[in-house]
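Worksheet: the structure to be examined is printed underneath.
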Amino acid sequence: MPELPEVEVSRMGISPHVVGKTVSAIIIRNPTLRWPIPEAIKAIEGQVISQVTRRAKYLLLHTDVGTAIVHLGMSGSLRVLPAGTPAEKHDHVDLVLASGEMLRYNDPRRFGAWLWAELNELHQVLTKLGPEPLEAVFDADYLFDKAQGRRTVVKQFIMDNKVVVGVGNIYANEALFSAKISPQRPANKMTKAEVIRLVAEIKSVLAFAIEQGGTTLKDFKNADGKPGYFAQELQVYGKGGQVCPRCDHSLSEVKIGQRTTVYCCECQK
928 MPELPEVEVS
938 RMGISPHVVG
948 KTVSAIIIRN
958 PTLRWPIPEA
968 IKAIEGQVIS
978 QVTRRAKYLL
988 LHTDVGTAIV
998 HLGMSGSLRV
1008 LPAGTPAEKH
1018 DHVDLVLASG
1028 EMLRYNDPRR
1038 FGAWLWAELN
1048 ELHQVLTKLG
1058 PEPLEAVFDA
1068 DYLFDKAQGR
1078 RTVVKQFIMD
1088 NKVVVGVGNI
1098 YANEALFSAK
1108 ISPQRPANKM
1118 TKAEVIRLVA
1128 EIKSVLAFAI
1138 EQGGTTLKDF
1148 KNADGKPGYF
1158 AQELQVYGKG
1168 GQVCPRCDHS
1178 LSEVKIGQRT
1188 TVYCCECQK
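In this text, residue positions in the sequence shown follow my numbering: the first is 928, and each later residue adds one.
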């Protein structure tokens, strides 16, 4: 599914096309996504999109009267197309712009969302989120403090959106490998030095993935239709049974929290 880098790439891709543009219409073909699309979102019509920001894996389209909140779910994507482009299967929402372009939302599995927050309202989906991993507030002191007393394994710990947002399954695998920490280690057993390494690797792997245009696995394509290239840089994810890129041992594959986890039992302790 699209993770934080893919969502950030989408934000960067659509922003030049929508910021400063007036919304002439919002066309909703299927209002039954993960949550029903609220009628209140029609308030965006006639409004100028002042900026597009990201919080966790939510994209926020800001206007003077409120904010449209978009989540790509498991298979959603946003494309910038000429207004009036015929809709295809799974094209559920069009944000038509007075510029002659439109922002089209496609979602085969319909696990994504289009929500609405009134001006100065913090929508409930955003209320319990941890810090952004690429911001200064997410540092070793913060993560070490959060880990104290937490017996959950470290992979699930860093994937908890209440601890830090956006460290999805792919990037948790990659960061833990680079930090040489076993994904099955209890979070409270990490030393401060290990936490320092882990925070640095989380920041590094996410920043590099954004630079590479996001990871393309099955569903994600960025706003201009070009795939991301980080998949070519993966060290361990999806490579269970193959030789570890750091040593001659085979990579192990297990399920942690029902998610595929690949690691080296020799390199990662």
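Here a beta-carbon is modelled for each residue, glycine too, at the ideal position from N, C-alpha and C.
Of the listed residues the options, nearest to residue i (C-alpha basis)
i	options	result
residue 1015	1032, 1022, 1001	1032
residue 952	964, 943, 937, 971	971
residue 1026	1036, 1007, 1043	1007
residue 1104	982, 1039, 1126	1126
residue 1198	1129, 1083, 1121, 1062	With the chain represented from 928 up to 1196, any question about residue 1198 goes unanswered, as that position is not in the structure.
residue 1181	948, 1109, 1172, 1140	1109
residue 960	1065, 1024, 1174, 1001	1001
residue 1167	937, 1174, 1179	1179
residue 939	1139, 1082, 1010	1139
Supposed close pair residue i, residue j - CB separation, criterion 8 Å
i	j	result
residue 1080	residue 1183	6 Å
residue 935	residue 1137	5 Å
residue 1030	residue 1005	6 Å
residue 945	residue 979	6 Å
residue 931	residue 1056	Wrong, their Cβ atoms sit about 12 Å apart, outside the cutoff.
residue 954	residue 1041	Actually they do not touch by this definition, with Cβ atoms about 11 Å apart.
residue 1102	residue 1128	4 Å
residue 1060	residue 1093	6 Å
residue 1071	residue 1091	Not quite, the Cβ-Cβ distance comes to about 13 Å (not below 8 Å), so this is no contact.
Under the three-state DSSP convention, the category residue i falls into
i	result
residue 1180	strand
residue 940	helix
residue 931	helix
residue 954	strand
residue 997	strand
residue 1146	Because the pLDDT at residue 1146 is just 47, under 50, the model does not fix this residue reliably, and the point stays unresolved.
residue 1005	strand
residue 1132	helix
residue 946	coil
residue 1124	helix
Through-space distance from residue j to residue i, alpha-carbon basis
i	j	result
residue 1028	residue 994	20 Å
residue 1193	residue 1176	7 Å
residue 990	residue 962	22 Å
residue 1113	residue 1123	16 Å
residue 1034	residue 999	8 Å
residue 1117	residue 1067	11 Å
residue 1073	residue 966	39 Å
residue 1187	residue 1131	22 Å
residue 1078	residue 1017	42 Å
residue 1147	residue 1046	Caution is warranted here: a pLDDT of 48 is assigned to residue 1147, below 50, making its placement in the model unreliable, and the coordinate value is therefore given only provisionally. Going by the C-alpha atoms only, they are around 31 Å apart.
residue 1096	residue 1020	28 Å
residue 1107	residue 933	25 Å
residue 1185	residue 1022	36 Å
residue 1049	residue 984	16 Å
residue 1145	residue 1164	Low per-residue confidence applies at residue 1145: pLDDT is 48, beneath 50, and the placement is therefore not dependable enough to give any value.
residue 1169	residue 1098	18 Å
residue 1076	residue 1111	16 Å
residue 1052	residue 1024	27 Å
residue 957	residue 937	22 Å
residue 1190	residue 1100	7 Å
Quiz prompt | alpha helix (DSSP H) runs wholly inside the stretch 1053-1108, at least 4 long, in chain order | solution = 1067-1074, 1081-1085, 1096-1106
Exercise. Tell me the start and end of each unbroken beta strand (DSSP E) in the stretch 960-993 that is at least 3 residues and wholly inside, in chain order.
Key: 978-982, 985-989
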